[in-house]
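S.K.:
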Amino acid sequence: MARRQTQTTEPSSRLGEIKHLSYSTLDNWFQCPKKVELSKIRKAPARPAWWFAGGSAVHEATEEYDRWTLLDAVGRPKFSIVEAFASAFGREIQELGAKWPERSEWRHAGPKTAPETYDRWMKLGPLLVGNYITWRRSQDYVIWTASRKDADMEHREEVVGIEIDLSTTLPGCEREIKAYADRLFWSPSLQQIHVIDLKTGTRGPNTALQFGVYGACLEHLYGVKAATGAAFMNRQGALGKAFPLAKYTPEYVGRLFANLSRAVDNNVFPAHKGSSCRMCDVEAACYANDGPQAHLYDPDSPDCPPF
């Protein structure tokens, strides 16, 4: 039986256009091109997830902490883990709730007998933030910084490796690649740059691709190369596997995105039905997944009207 959807079932009257690419778009296309089409072009409603709201709030709170550490220690305000997380989590809940008010329909991880809830994340979130802070205090890493000239070349601005914007174009791909790295750290002992991405789930990445994308963009923009990339696993309070990034040159990563760009231009969006469908935020609009809204959004559905 199809799930009840409180989100509007009226399809958008205008198709979206993929003007820029990103690691998440590339990763989604590798996993299931149909998800890219439904979310980016067909604008199918995306059902919120508790883990997205909580994870985003953890990211915001840890960013706030790292920026706080860069302030002059004399006179800086006290940092509160609980307050930082609660404030960020409240903003995320409000934003998602405006799009999909019925929280009982939000996707959640864990067993049905103990689903994710607001109260559960209010307990878990500060723990995950605290794990990151404890780890940071035990490392010799420092936030990587650089200076960059603005477009008119009249002055320089300092860029800081906290949620750093590495968006650029890469060789072979004309579309802009949006890239925001959680952290760029400099290791004084190793004299190396390391790309770190925070993960609030239970599984870490099994490939270097995300870190490689950020590393290639960093090299293209600043002429410096990151040595490794790793996920900080907030639940474990430790770094996951460190991936070497030597092969992820701007040219190589540019070719990967060029392939994706050609697929977008030629509407190559086949559905890959599998175990990941249950975690997909647009599965209700997918014809291959028998989605109840497929007739409104998925051109694979014989009942889907032309847009």
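All the letters of the sequence shown, read from the start, carry residue numbers 0 to 306 under numbering that gives the first Met the number 0.
Cβ coordinates follow ideal geometry from the N, Cα and C atoms, glycine included.
Because the structure is a prediction, the values reported are computed rather than measured.
(1) Count the other CB atoms within 10 Å of the CB of N205; is the residue buried (16 or more) or exposed (fewer)?
(2) Please report how far the alpha carbon of L220 lies from the alpha carbon of T167, in whole angstroms.
(3) Give, in chain order, every unbroken run of the alpha helix (DSSP H) that is at least 4 residues long and sits entirely within the stretch 105-183.
(4) Considering A245, what are the terminal residues of the beta strand (DSSP E) in which it resides?
(5) Give me whichever residues DSSP pairs with K198 in a beta bridge.
(6) Could you check the C-alpha separation between P125 and K39 for me, to the nearest Å?
(7) Is the CB-CB distance between A180 and L165 below 9 Å?
(8) State yes or no: is the C-beta of P243 within less than 9 Å of the C-beta of A226?
(9) Going by DSSP, name the residue or residues bridged to Q191.
(10) Can the beta-carbon of G53 be found closer than 9 Å to that of T199?
(11) Is the beta carbon of L183 sitting closer than 9 Å to the one on W120?
(12) Give the straight-line distance between the Cα atoms of D280 and V73, rounded to the nearest whole angstrom.
(13) I'd like the list of long-range same chain contacts for S300, defined as Cβ closer than 7 Å, with 5 residues on each side in sequence excluded.
(14) When the Cα atoms are used, what is the spatial distance from H22 to G239?
(15) Can you tell me the Cα-Cα spacing of F78 and Y140, whole angstroms?
(16) Examine the ligand FMN and report whether any of its heavy atoms sits within less than 8 Å of the Cβ of I195.
(17) My output table needs one value for A215: the three-state DSSP class, helix, strand or coil.
(18) Note the first and the last residue of the continuous alpha helix (DSSP H) segment covering L70.
(19) Leaving out five residues on either side along the sequence, give the residues of the same chain with a beta carbon under 7 Å from the beta carbon of V35.
(20) Express the C-alpha separation of D264 and A60 in angstroms, rounding to a whole number.
(21) Please classify K98: does DSSP put it in a helix, a strand, or coil?
(22) Determine whether the beta carbon atoms of G228 and Y213 lie at a separation below 9 Å.
(23) Where does T61 fall in DSSP's three states?
(24) From V128 to V57, what does the alpha carbon distance come to, in whole angstroms?
(25) Taking only three categories from DSSP, how would you classify S79?
(26) Measure the alpha-carbon distance for L123 versus W49 and round it to whole angstroms.
(27) Grab the span of the alpha helix (DSSP H) containing S38 for me, first residue to last.
M.R.: Quick answer:
(1) Your numbering for residue 205 matches position 206 in the sequence shown. Burial call: exposed.
(2) Residue 220 sits at position 221 when you count from the first residue of the sequence shown. Residue 167 sits at position 168 when you count from the first residue of the sequence shown. So the two alpha carbons sit approximately 7 Å from each other.
(3) Annotation note: the stretch 105-183 contains the following uninterrupted alpha helix (DSSP H) runs of length 4 or greater, listed N- to C-terminal: 117-136.
(4) Looking up residue 245 in the sequence shown gives position 246. Where A245 is concerned, there is no enclosing beta strand (DSSP E), given that its DSSP letter is neither H nor E.
(5) What you label residue 198 is simply residue 199 of the sequence shown in a count that begins at 1. Answer by DSSP bridge pairing, in chain order: M232.
(6) On the sequence shown, position 126 is the one that residue 125 refers to. On the sequence shown, position 40 is the one that residue 39 refers to. Cα to Cα, P125 sits roughly 33 Å from K39.
(7) Looking up residue 180 in the sequence shown gives position 181. Looking up residue 165 in the sequence shown gives position 166. Yes. Within cutoff.
(8) For the purposes of this step, residue 243 is taken as the residue at position 244 of the sequence shown. For the purposes of this step, residue 226 is taken as the residue at position 227 of the sequence shown. Contact: yes.
(9) In the sequence shown, residue 191 corresponds to position 192, counting from 1. Partner(s): S186.
(10) Numbered from its first residue, the sequence shown carries residue 53 at position 54. Numbered from its first residue, the sequence shown carries residue 199 at position 200. Contact: yes.
(11) Residue numbering aside, residue 183 sits at position 184 when the sequence shown is read from its first letter. Residue numbering aside, residue 120 sits at position 121 when the sequence shown is read from its first letter. Result no, Cβ atoms of L183 and W120 do not sit closer than 9 Å.
(12) The residue labelled residue 280 in the question sits at position 281 within the sequence shown. The residue labelled residue 73 in the question sits at position 74 within the sequence shown. Going from the Cα of D280 to the Cα of V73 covers about 46 Å.
(13) As a position in the sequence shown, residue 300 is number 301, starting the count at 1. Taken in chain order, the residues that qualify are Y286, A293 and H294.
(14) Taking the first residue of the sequence shown as position 1, residue 22 is located at position 23. Taking the first residue of the sequence shown as position 1, residue 239 is located at position 240. As written in the sequence, residue 22 is Tyr, which differs from the His given in the question. Y22 and G239: Cα-Cα distance of roughly 19 Å.
(15) Counting from one through the sequence shown, the residue named residue 78 turns up at place 79. Counting from one through the sequence shown, the residue named residue 140 turns up at place 141. One Cα belongs to F78, the other to Y140, and the distance between them is close to 20 Å.
(16) Absence of the ligand FMN is noted for the structure shown, with no ligands found whatsoever.
(17) Position 216 of the sequence shown, counted from the start, is the residue given in the question as residue 215. It is helical.
(18) The residue given as residue 70 occupies position 71 in the sequence shown. Careful: L70 lies outside any alpha helix (DSSP H) and carries neither H nor E.
(19) For this step, residue 35 is matched to residue 36 along the sequence shown. Within the same chain, V35 has close Cβ partners T24, N27, W28 and F268.
(20) As a working mapping, residue 60 is identified with position 61 in the sequence shown. As a working mapping, residue 264 is identified with position 265 in the sequence shown. About 38 Å.
(21) Taking the sequence shown and counting its residues from 1, the one referred to as residue 98 is at position 99. Helix.
(22) Numbered from its first residue, the sequence shown carries residue 228 at position 229. Numbered from its first residue, the sequence shown carries residue 213 at position 214. In contact: G228 and Y213 (Cβ atoms closer than 9 Å).
(23) Numbered from its first residue, the sequence shown carries residue 61 at position 62. If DSSP states are grouped into helix, strand and coil, T61 belongs with the helices.
(24) As a position in the sequence shown, residue 128 is number 129, starting the count at 1. As a position in the sequence shown, residue 57 is number 58, starting the count at 1. When rounded, the distance between both Cα atoms is 6 Å.
(25) What you label residue 79 is simply residue 80 of the sequence shown in a count that begins at 1. Coil at S79, not helix or strand.
(26) As a first step, residue 123 must be located in the sequence shown, where it is residue number 124. As a first step, residue 49 must be located in the sequence shown, where it is residue number 50. Spanning the two alpha carbons is a distance of roughly 12 Å.
(27) Your numbering for residue 38 matches position 39 in the sequence shown. Per DSSP, S38 is not a residue of any alpha helix (DSSP H), being assigned neither H nor E.
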